[in-house]
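Trainee: Below you'll find the structure I mean.
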Amino acid sequence: MTTRTGFGLALLLAACASRSPPPVTPEQRRQSQKQQIAQLERRITREERALGIQRRAEPAPQPAAQAGEAATPSQAEPLPSLAPVPPAGEPMDGAPPGVSSAPEGVEAPACERFCRSATAICDASRRICAIADEMSDDWARGRCQVAGLSCQNAERETDSRCGGC
184 MTTRTGFGLA
194 LLLAACASRS
204 PPPVTPEQRR
214 QSQKQQIAQL
224 ERRITREERA
234 LGIQRRAEPA
244 PQPAAQAGEA
254 ATPSQAEPLP
264 SLAPVPPAGE
274 PMDGAPPGVS
284 SAPEGVEAPA
294 CERFCRSATA
304 ICDASRRICA
314 IADEMSDDWA
324 RGRCQVAGLS
334 CQNAERETDS
344 RCGGC
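With the working numbering, the residue at position 59 of the sequence shown is 242, and numbering never jumps.
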């Protein structure tokens, strides 16, 4: 290969490597954020189902106080209480034998699973709310509120079933 060909090839490679992807439009970014929220909501739903928790309703949208004013999450109606988790008597999930922080009558492995799921629900909720803060619109704020209520309900159930995590 000649020096000239090698130099040309090097220039071609440098030009290809320096190309940046096309800029993301605000609408593309919004769609990506909506997809992220939907994925996180599916995770919350899976964790709730695994625990026997069913989301019964979502907050009803409330009209804004004045025309043009955005409704805040606190203006929406709260979700009703969730169904109790059925008693668990499943095999151990890595808890040391004989160690239990669960209340009397509740098996430690069930509480450990419940705590892991409640933590996953709350982590997903926080991520949804972080995305919603970036989006700054009523739809996203509503998704944050629903996710936050799922976290609160999972924590409440954990406290009532297992005395907390």
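From the three backbone atoms N, C-alpha and C, an ideal C-beta is built for every residue, glycine too.
Please read these numbers as outputs of a predicted model, since none were measured by experiment.
Does the Cβ of R326 lie closer than 8 Å to at least one heavy atom of the ligand ATP?
Mentor: In terms of ligand content, the structure shown is empty, and the ligand ATP therefore cannot be addressed.
Trainee: In terms of residues, what are the limits of the alpha helix (DSSP H) holding D342?
Mentor: Within the sequence shown, residue 342 is the residue found at index 159, counting from 1. For D342, the enclosing alpha helix (DSSP H) starts and ends at 321-345.
Trainee: Can you name, in chain order, every residue of its own chain whose Cβ lies under 6 Å from the Cβ of C327, other than the five neighbours on each side?
Mentor: Taking the first residue of the sequence shown as 1, we reach residue 327 at position 144. Excluding positions up to five away in sequence, the list reads I311, C312, A315.
Trainee: Look at the Cβ atom of S333, then the Cβ atom of I220, and state whether they are nearer than 9 Å.
Mentor: Here residue 333 is taken as the residue at index 150 of the sequence shown, counted from 1. Here residue 220 is taken as the residue at index 37 of the sequence shown, counted from 1. Not closer than 9 Å, so no.
Trainee: Over what stretch of residues does the alpha helix (DSSP H) that includes P292 continue unbroken?
Mentor: For the purposes of this step, residue 292 is taken as residue 109 along the sequence shown, with counting starting at 1. Taken as a continuous stretch (DSSP letters only), the alpha helix (DSSP H) holding P292 covers 291-318.
Trainee: Let me make sure I understand the geometry here. Which of R324, C298, S308 has the alpha-carbon closest to that of D342?
Mentor: Mapped onto the sequence shown, residue 342 falls at position 159. Checking every option, the nearest Cα to that of D342 belongs to C298.
Trainee: So, for M318: in the same chain, excluding its five sequence neighbours on each side, which residues have a beta-carbon less than 7 Å away from its beta-carbon?
Mentor: Within the sequence shown, residue 318 is the residue found at index 135, counting from 1. Cβ neighbours of M318 beyond the five flanking positions: R213, Q216.
Trainee: Looking at the structure shown, is I227 part of a helix, part of a strand, or coil, going by DSSP?
Mentor: Locating residue 227 in the sequence shown gives position 44, where the first residue counts as 1. DSSP places I227 in helix when its eight states are reduced to three.
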